[in-house]
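K.L.:
Structure incoming, see below.
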Amino acid sequence: MAACRRSLHNCASGCPNMLARLPTGCPSLDELLGGGVEAGALTLAYGEPGSGKTSFALQLSREVLAAGGESVLFIDTEGLSAERLEQVCGGESPDGLSIAAPLDQAELLDLLKALKELPALLVIDTVNAHARLEYALDKEKCEQAFTRMVIDLHNLATEQGLPVLLTGQIYERDGEVGPYYGKSLVHMAKTLLHLEKAHAPGLRHARLRKHRSLPEGVADFLLTGNGLE
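In structure tokens, the structure reads:
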């Protein structure tokens, strides 16, 4: 717990090249990630519905606040279940957790631009939901806006030492699975984590697809009513 508190303190200091990590509360996942989610960088967790993306995001938020983080900004683009929030966070929404629900990509961008005080953790669940819906209306404009947002998030994370967790929807093409709008996300994210369902009930696989200082690997975890175990 003390180490986690130091990580949060360092993260809030805005020190560049931050190496602090935020433990997720799931031992197998923390081992895979070298101690947890890295501050000062973008982490992208992507997977099919039911793979554990939102539970992962909620659990990390819970752990950060429990370890002394003053605030977490959780941006919800897909309609967060109140029941799931209560399950993972242990009842009512914990103090320090702010949940915002922008209606479209423009509102999401405005919300990020309006940030005045940095939280201990920024979560967007999911980062590409609005873009996926709006893509058919204006492909070029949508791509430009999404790429600009990812660049801004990357700059915010690296310049301020802010941990940013993004979850992402996926697409499948020719048997290959990747994050939707993956080009800019894959390029800017320091950590890519693919969450997958397994055959056994509740069992999930987390595959580390990219990290600049860690080898690729796989960790198994259970998706339970209380989160990831």
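Numbers 1 to 229, taken from the UniProt record's numbering, label the letters of the sequence shown in order. From the three backbone atoms N, C-alpha and C, an ideal C-beta is built for every residue, glycine too.
1. Just to confirm my understanding: we take Pro119, look at its own chain, exclude 5 residues before and 5 after, and list those with CB closer than 7 Å. What are they?
2. Let me confirm a value: Gln169 is counted as buried when at least 16 other C-beta atoms fall within 10 Å, else exposed. Which label applies?
3. Distance, Cα to Cα, Asn10 vs Leu133?
4. For the beta strand (DSSP E) that contains Asp220, what are its first and last residues?
5. What residue range is occupied by the uninterrupted beta strand (DSSP E) comprising Ala131?
6. Given a cut-off of 8 Å, decide if Ser55 and Arg21 are closer than it, judged by their beta-carbon atoms.
7. Beta carbon of Pro215, beta carbon of Leu44: below 8 Å?
8. For the 8 Å Cβ check, are there 3 or more pairs between the stretch 108-127 and the stretch 76-83?
9. Assuming Thr43 is part of the beta strand (DSSP E), what are its boundary residues?
10. Using C-beta distances below 8 Å, list every residue in its chain close to Asp220, excluding the 5 sequence neighbours before and after it, in chain order.
11. So the candidates are Tyr171, Lys116, Ala100 and Ser98; which of them puts its Cα closest to the Cα of Asn128?
12. Compute the distance between the beta-carbons of Val164 and Leu33, then report whether it is under 8 Å.
13. Is the Cβ-Cβ distance between Glu86 and Gly25 less than 8 Å?
P.N.:
To lay it out plainly:
1. The residues Ser71, Val72 and Leu73, in chain order, have a CB closer than 7 Å to that of Pro119 in the same chain once the five nearest residues on each side in sequence are set aside.
2. With 16 or more other CB atoms across the displayed protein chains lying within 10 angstroms of its CB, Gln169 is buried.
3. Because Asn10 carries a pLDDT of 40, less than 50, the predicted location of this residue cannot be relied on, and no value is offered for it.
4. In the DSSP assignment, Asp220 falls within the beta strand (DSSP E) that extends over Gly217 to Thr224.
5. Ala131 -> not in any beta strand (DSSP E); alpha helix (DSSP H) instead, spanning Ala129 to Glu134.
6. No, the pair does not count as a contact, with Cβ atoms beyond the cut-off.
7. Contact flag unset, no.
8. With contact defined as three or more Cβ pairs closer than 8 Å, the stretch 108-127 and the stretch 76-83 are in contact.
9. Thr43: member of the beta strand (DSSP E) spanning Leu42 to Gly47, first to last residue.
10. Spatial neighbours of Asp220 in its own chain (CB-CB distance under 8 Å, excluding positions within 5 residues in sequence) are listed in chain order as Ser28, Ala198, Leu203, Arg204, His205 and Ala206.
11. Cα-wise, what sits closest to Asn128 is Tyr171.
12. In this structure, Leu33 does not lie closer than 8 Å to Val164 by Cβ.
13. No.
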